[in-house]
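Residue numbers (UniProt numbering), protein chains in the order written: chain U, 1 to 494; chain S, 1 to 494.
Protein chains: 2
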Amino acid sequence: MCELYSKQDTLELRRKHIGPSCKVFFAEDPIKIVQAQRQYMFDERGDRYLDCINNVAHEVVKAAVKQMELLNTNSRFLHDNIVEYARRLVATLPEELSVCYFTNSGSEANDLALRLARQFRDHQDVITLDHAYHGHLSSLIEISPYKFRKGKDVKKAFVHVAPTPDTYRGKYREDHADPASAYADEVKEIIKEAHNNGRKIAAFIAESMQSCGGQIIPPAGYFQKVAEYVHRAGGVFIADEVQVGFGRVGKHFWSFQMHGEDFVPDIVTMGKPMGNGHPMACVVTTKEIAEAFSSSGMEYFNTYGGNPVSSAVGLAVLNIIENEDLQGNAIRVGDYLTKLLNKQKAKHTLIGEIRGIGLFIGIDLVKDRQKRTPATEEAQHIIYKMKEKRVLLSADGPHRNVLKIKPPMCFTEEDAKFMVDQLDEILTVLEEGIGAQSESVISENAPCRAKMPNEAHSLEWLDDGTLDPRENPSRKRNGLCTDKHSLLSKKLKT
Amino acid sequence: MCELYSKQDTLELRRKHIGPSCKVFFAEDPIKIVQAQRQYMFDERGDRYLDCINNVAHEVVKAAVKQMELLNTNSRFLHDNIVEYARRLVATLPEELSVCYFTNSGSEANDLALRLARQFRDHQDVITLDHAYHGHLSSLIEISPYKFRKGKDVKKAFVHVAPTPDTYRGKYREDHADPASAYADEVKEIIKEAHNNGRKIAAFIAESMQSCGGQIIPPAGYFQKVAEYVHRAGGVFIADEVQVGFGRVGKHFWSFQMHGEDFVPDIVTMGKPMGNGHPMACVVTTKEIAEAFSSSGMEYFNTYGGNPVSSAVGLAVLNIIENEDLQGNAIRVGDYLTKLLNKQKAKHTLIGEIRGIGLFIGIDLVKDRQKRTPATEEAQHIIYKMKEKRVLLSADGPHRNVLKIKPPMCFTEEDAKFMVDQLDEILTVLEEGIGAQSESVISENAPCRAKMPNEAHSLEWLDDGTLDPRENPSRKRNGLCTDKHSLLSKKLKT
């Protein structure tokens, strides 16, 4: 394959010129990808990888080229593409949501959503969910516990963190009579306390399904109840569909639509799959909120947002979703994959829960099914082993123990079968090795796992059952308790 | 030309589905552009316009297509394009500036620059220039007096506004012995007062030449002095090159380089022309600042930033700048254009000052050369008349009286001549009509101009010297003092 630099040189140039905060996948042994086609990626040696990560794939070259050759300019000139795309886009949404603002990234969209919400009734406070991630901008890190709890930043006074409506690992679980109400009541309490402190709620923001937070699907009815409380407080409901929109759930085009027709967010943000790799994103809201924003007199201008090329790309994506019946595919392949994974759950005690809808699935790995202790190191081990088997997966969630499956929408049943077969093999070897069947070998001693670094690290399985000689004793404090499971060694790149 | 909708339908769909805060150029009679080639744009009737506005043009289709067909994915996989582009980009900068973070827009870049600056020494305050515009994100509106003074937002306590180093209209003018020191001393004073209040300066941020602020070129030596004071306070100097970078000034690749080799910003942000229309932008900084950012443990991930397609586009742009000697062209055509415009200044009293470097030029229009009263309405009138003559110009600055010339870099001497000829005709007619030669006809009564709306509006010249019958009396309070210059009529879309 055509390379400009050897992999080693690429790595060195990257270390030299790209900010060290920009991490690569598989930090221990990063992949160099030179080509991609549908759900497959190819490295510099031509090795093919099955892609279960890229919810931002690419397949709309022709439309982009055609428009690029004709014209690209900013939205201060009239152009058909932007209005045609807006028309098509709002047709996928409830009628109330009719006004679009185009941006270049989900982050820009969420930032604008906050501005719209704050302008609406001049309230400032934001309720966000624990472990939420809404983007890399200053204003979004402030409302992203997934980020601000890792950095030096502290929670600002205008930010209120509600518990994640996680019925597997959260405060109210599947055995609770009405977890939706219980979690919504937490939001109600937050509002009450904010009011007692003289604060005013501008918005509640949540991904319709939490992605970085660990593939969490909120219980039915939760959003309706939250929206009711938030509206009563004069705030708006922002549904962040950046990662989970555009048909990924199959039955619906937008994930929030799973909650029923009686639930309509006031603002919806969207991004990633929208341009299938082309930088484009959008905020859609009601006429009322748009007019309140406009009445401030402040213009909103986004140089590239909604430009003719981006809009052409967006239209092509909508056409492909429709013409290739990608929503139908998400239902079929998603159901099939979930079935296969549930069989794996029956077989492997490391799997605590399979959850998800359509092509958005999480595998929650546990050291202990009763205690639901997150199997963080095992998850990291598995994604590296999967990579060796040429399947790209990622692990996320607050404990980084949830395998995330969110592949390109053209993923097939064969791909699903192949992926699960590889996972089966890895889990089998892993469970045999660490004796996970007895559910006691891997330490549950919390302090030993307390200092997990942010980046990916690998567990290397050694057949002879000894510690990896490369192991550096000074690193031990960050990782596993070697006394309890000397069979596992690790390499941390911190 | 191929249209999907009639212009009227396009307009209606836009009103229906695109946020009303998103303004079009020439609001009174917007242009529909369906095609563009180099410095020309074509409307739906095939009419050709000379483009003096688009510092974000488009000419790199081939590179984008080639890479799109191959692969587009995020920067968590290794790829040659991102590192090759970073290598080429930092080669245009002083050696200290070696670490890149790729984003999708100048706004994202400036937001990240603030994060880098704040993380560096854990200081929070930012010094910005009056009339500055640094982007559309929440964090940037906070430091953009150009924006926050128009909206409901108020200046935050951590923001300090220094006077714009404008030697034509500012606090210290061309007749001052040392305006650079005088303006820098203002920054020194701000720092002193901030320290007295227990505050700490994270950054000074400025465009190397202020664009929205009215094409302001800071006096030589100003940046050096400011950098010295800011460094002494533990802050960093952020040069915003989003609008003015990439060879526009001709003699240098970056505008800040005009200040000499002894001036090196700590952070440089870039965008607009970087991808010639493709959404891409970048922050470049020193190793020291990058490492401080990384040490926080917070990862920076930008889904599309530095993706293989964007990087390929960026490389193509660099090649074109070099191969077509666009910097040389900016010098040649810029000098020629400035010469022509200075001749116009000698001829037309409406022109107060011609300022600029390379293909970044401002024409400051005045009602009165002594008092330098901004000729706001005239500027609006001229850009509409220029549009009729198929030349696209914009007017900006705090008084919206500065004609901005920042055309595509392939602008020719013929284009310059054509543009100036049209301007000459319009100025001649306008000055004859309003009797500007006497420098007294148009009111200088400030309250009459106090409530200028944000958006573009037009003055329609009526040959019979009467008020436009469409004039709505209720609108008069926002516009001209009709008693003093009944020859001018106006139409305001508010």
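In this text, a Cβ means the ideal position worked out from N, Cα and C, and glycines have one as well.
Between the beta-carbon of residue i and the beta-carbon of residue j, is there less than 8 angstroms?
i, j, result
"Leu114 of chain S", "Ala203 of chain S", "yes"
"Pro265 of chain U", "Phe246 of chain U", "no"
"Leu341 of chain S", "Val429 of chain S", "no"
"Ala132 of chain U", "Tyr146 of chain U", "yes"
"Asn104 of chain S", "Asn276 of chain U", "no"
"Pro308 of chain S", "Tyr304 of chain U", "no"
"Leu423 of chain S", "Gln344 of chain S", "yes"
"Arg369 of chain U", "Tyr168 of chain U", "no"
"Leu11 of chain U", "Ala86 of chain S", "no"
"Ile143 of chain S", "Val154 of chain S", "no"
Is there a Cβ of chain U sitting closer than 8 angstroms to that of residue i, yes or no?
i, result
"Gly19 of chain S", "yes"
"Cys100 of chain S", "yes"
"Asp80 of chain S", "yes"
"Gly397 of chain S", "no"
"Phe293 of chain S", "yes"
"Thr10 of chain S", "yes"
"Gln35 of chain S", "yes"
"Ile31 of chain S", "yes"
"Asn307 of chain S", "yes"
"Arg76 of chain S", "yes"
"Tyr336 of chain S", "no"
"Val83 of chain S", "yes"
"Thr128 of chain S", "no"
"Glu288 of chain S", "no"
"Arg87 of chain S", "yes"
Can you find a CB in chain S that lies within less than 8 angstroms of the CB of residue i?
i, result
"Arg13 of chain U", "The displayed chain sequence assigns Leu, not Arg, to residue 13 of chain U. Leu13 of chain U counts as touching chain S."
"Asp111 of chain U", "yes"
"Met298 of chain U", "yes"
"Cys22 of chain U", "yes"
"His58 of chain U", "The predicted model places His58 of chain U with a pLDDT of 41, which falls under 50 and marks its position as unreliable, so this point remains unresolved."
"Trp359 of chain U", "Before going further, note that residue 359 of chain U is Leu rather than Trp in the sequence given. Not closer than 8 angstroms to any Cβ of chain S, the Cβ of Leu359 of chain U fails to qualify, so no."
"His176 of chain U", "no"
"Lys200 of chain U", "no"
"Gly170 of chain U", "no"
"Ala450 of chain U", "Since pLDDT at Ala450 of chain U reaches only 29, below the 50 mark, its modelled position is unreliable, and the value read off the structure follows with that caveat. No, Ala450 of chain U does not count as interfacial toward chain S."
"Glu186 of chain U", "no"
"His457 of chain U", "Confidence is the limiting factor: at His457 of chain U the pLDDT is only 30, short of 50, which leaves the residue's position unreliable, though a coordinate-based value still follows. With 8 angstroms as the cut-off, His457 of chain U does not count as an interface residue toward chain S."
"Leu114 of chain U", "yes"
"Pro279 of chain U", "yes"
"Glu108 of chain U", "yes"
"Glu444 of chain U", "Interpretation of Glu444 of chain U is limited by its pLDDT of 38, a score under 50 that renders its predicted location unreliable; the figure taken from the coordinates is listed afterwards. No, no contact with chain S."
"Thr373 of chain U", "no"
"Ala64 of chain U", "yes"
"Val264 of chain U", "no"
With a 10 Å radius around its C-beta and 16 neighbouring C-beta atoms as the bar for buried, classify residue i as buried or exposed.
i, result
"Gln8 of chain S", "exposed"
"residue 502 of chain S", "Residue 502 of chain S falls outside the range modelled here, since chain S spans only 1 to 494, and no answer is possible."
"Glu377 of chain U", "buried"
"His399 of chain S", "buried"
"Lys192 of chain S", "exposed"
"Leu350 of chain S", "buried"
"Lys385 of chain U", "buried"
"Val244 of chain U", "buried"
"Asp125 of chain S", "buried"
"Val226 of chain U", "buried"
"Asn81 of chain U", "buried"
"Gln437 of chain U", "Only weak support is given to the placement of Gln437 of chain U: the predicted model assigns it a pLDDT of 47, under 50, and the value that follows is read from those uncertain coordinates. Gln437 of chain U should be labelled exposed."
Compute the minimum distance between the beta carbon of residue i and the heavy atoms of the ligand SAH, and state whether it is under 7 angstroms.
i, result
"Gln224 of chain U", "Only the bare structure without any ligand can be found here, which leaves the ligand SAH out of the picture."
_Within 8 angstroms, do at least three Cβ pairs link the region 100–116 of chain U to the region 273–283 of chain U?_
When C-beta atoms of the region 273–283 of chain U are compared with those of the region 100–116 of chain U, three or more pairs fall below 8 angstroms, so the two segments count as touching.
*What are the complete alpha helix (DSSP H) segments, minimum 4 residues, inside the region 95–135 of chain S?*
For the region 95–135 of chain S, whole alpha helix (DSSP H) runs of length 4 or above, ordered along the chain, are 106–121.
*asked:* Going residue by residue through the region 194–260 of chain U, where are the continuous beta strand (DSSP E) segments of at least 3 residues, counting only ones entirely within it?
replied: Here the runs fully enclosed are 201–207 and 236–240.
*Can you give, in chain order, each stretch of the alpha helix (DSSP H) that sits fully within the region 277–314 of chain U and has at least 4 residues?*
Correct list: 287–295.
*Using 8 angstroms as the threshold, is the region 86–104 of chain S in touch with the region 184–199 of chain S, meaning 3 or more CB pairs across them?*
Taking a contact to require three or more Cβ pairs closer than 8 angstroms, the region 86–104 of chain S and the region 184–199 of chain S do not qualify as touching.
*Contiguous beta strand (DSSP E) assignments of at least 3 residues, all confined to the region 341–422 of chain U*: The qualifying runs are 351–357, 360–368, 394–396 and 402–405.
*Would you be able to state if there are at least three C-beta pairs under 8 angstroms between the region 9–28 of chain U and the region 82–101 of chain S?*
The way I'd put it, the region 82–101 of chain S does touch the region 9–28 of chain U; three or more beta-carbon pairs between them come closer than 8 angstroms.
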